[in-house]
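Structure, as structure tokens:
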Amino acid sequence: MEWFFCKTKEEGGKKTAEYIRNEVNKNPSLNLCIPTGSTPVICFKEMVKMYEDKRLDLSCAYMYNMDEYVGMSKDHQEGYYRFLNQHLYSKTNTDMSRTFAPDAVATDMQAECERYTKEFYQNGVMDVIYLGIGTDGHIAFNMPKEVHCLDTHIENLSDDTVAANAQFFDGKDEVPKDAISIGIGMILKSKRIVLNAFGKSKAEVIKRLYEEKAVDPYLPATFLNLHDDVTIIVDEEASSLIDR
Ligand code: GLP
44 MEWFFCKTKE EGGKKTAEYI RNEVNKNPSL NLCIPTGSTP VICFKEMVKM
94 YEDKRLDLSC AYMYNMDEYV GMSKDHQEGY YRFLNQHLYS KTNTDMSRTF
144 APDAVATDMQ AECERYTKEF YQNGVMDVIY LGIGTDGHIA FNMPKEVHCL
194 DTHIENLSDD TVAANAQFFD GKDEVPKDAI SIGIGMILKS KRIVLNAFGK
244 SKAEVIKRLY EEKAVDPYLP ATFLNLHDDV TIIVDEEASS LIDR
């Protein structure tokens with residue numbers, strides 16, 4: 044893992060946007076899997092700025108959601124597809140016909156999981172996966188637990204995650220309890236991985252991730268120790284407990 048310690052989240056977001064821009068410049072029709080949550084919004088803002096300054100062209104890129112709450116349609120107010128559309132797609136020249144997400148209202152969710160795994164690889168392997176991290180160490184919606192799925196699957200969300208994501212809903216009770224998510228195997232098959240963690244709430248988990256040199260299924264981000272091209276970009280608050 045290569046770690047970058049930035050002073051502020053703005054600096055971290057900018058560095059991440061530069062990383063993505065370099066990848067897009069190398070291969071304009073790359074496969075890019077992107078996260079949701081409050082963290083990536085900072086990088087997305089920077090990407091929008093780059094697009095407006097004609098420094099970023101997403102018109103040929105293939106964009107993939109990594110997860111979605113079960114029961115949320117693509118146009119649902121709190122849904123993740125709509126979130127990416129609002130913060131990134133609609134503000135850049137992303138070609139909407141090249142954007143993909145699991146169908147979280149499918150009648151047969153098991154069949155949908157299989158379909159999305161296939162769609163994820165329709166143009167070959169993922170070039171870059173951009174991740175956030177939960178306070179419990181989850182990546183995409185792969186929660187801490189003993190056994191992990193490799194491919195797209197349904198996850199029961201932990202109480203911590205439901206509580207953390209309540210900020211996007213009218214209270215905790217409104218947060219869906221299940222999600223459809225890409226699996227750990229799909230993350231590890233990506234050519235490159237970049238992860239962001241910003242803010243004090245991530246300090247504990249970032250210290251654990253920094254110190255853990257093994258794979259701990261109860262800290263899913265440690266699966267990234269198995270990959271040889273992982274970049275972690277953190278701000279001062281998220282790295283404040285690390286002893287370096
Ligand atoms: C959700 C998403 C994750 C994201 C996490 C952290 O659980 N499924 O992909 O990394 O939230 O979100 P935030 O950036 O708001 O802390």
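Numbering (the working numbering), first residue to last: 44 to 287. Ideal Cβ positions, reconstructed from N, Cα and C, are used throughout, including at glycine.
What first and last residue would you give for the alpha helix (DSSP H) that runs through residue i?
i	result
Asp-272	No alpha helix (DSSP H) contains Asp-272, which DSSP labels as neither H nor E.
Asp-202	202 to 207
Met-152	152 to 163
Cys-86	83 to 95
Taking DSSP as the reference, what is the three-state secondary structure of residue i?
i	result
Ala-222	strand
Cys-76	strand
His-181	coil
Val-113	coil
Tyr-253	helix
Tyr-124	helix
Met-229	helix
Thr-135	coil
Phe-143	strand
Asn-68	helix
Val-168	coil
Ser-290	What is shown of the chain runs 44 to 287, which leaves residue 290 out entirely.
Asp-100	coil
Lys-215	helix
Leu-267	helix
His-191	coil
His-29	The displayed coordinates of the chain run from 44 to 287. Any statement about residue 29 would go beyond what the structure contains.
Identify the residues that DSSP records as bridge partners of residue i: which are they?
i	result
Thr-59	DSSP output for Thr-59 lists no bridge partner at all.
Ile-197	Ile-223
Glu-45	Thr-274
Tyr-105	Asn-74
Thr-51	Thr-51 pairs with nothing; no bridge assigned.
Starting from residue i, trace the beta strand (DSSP E) both ways and give me its first and last residue.
i	result
Ala-240	235 to 240
Val-171	171 to 174
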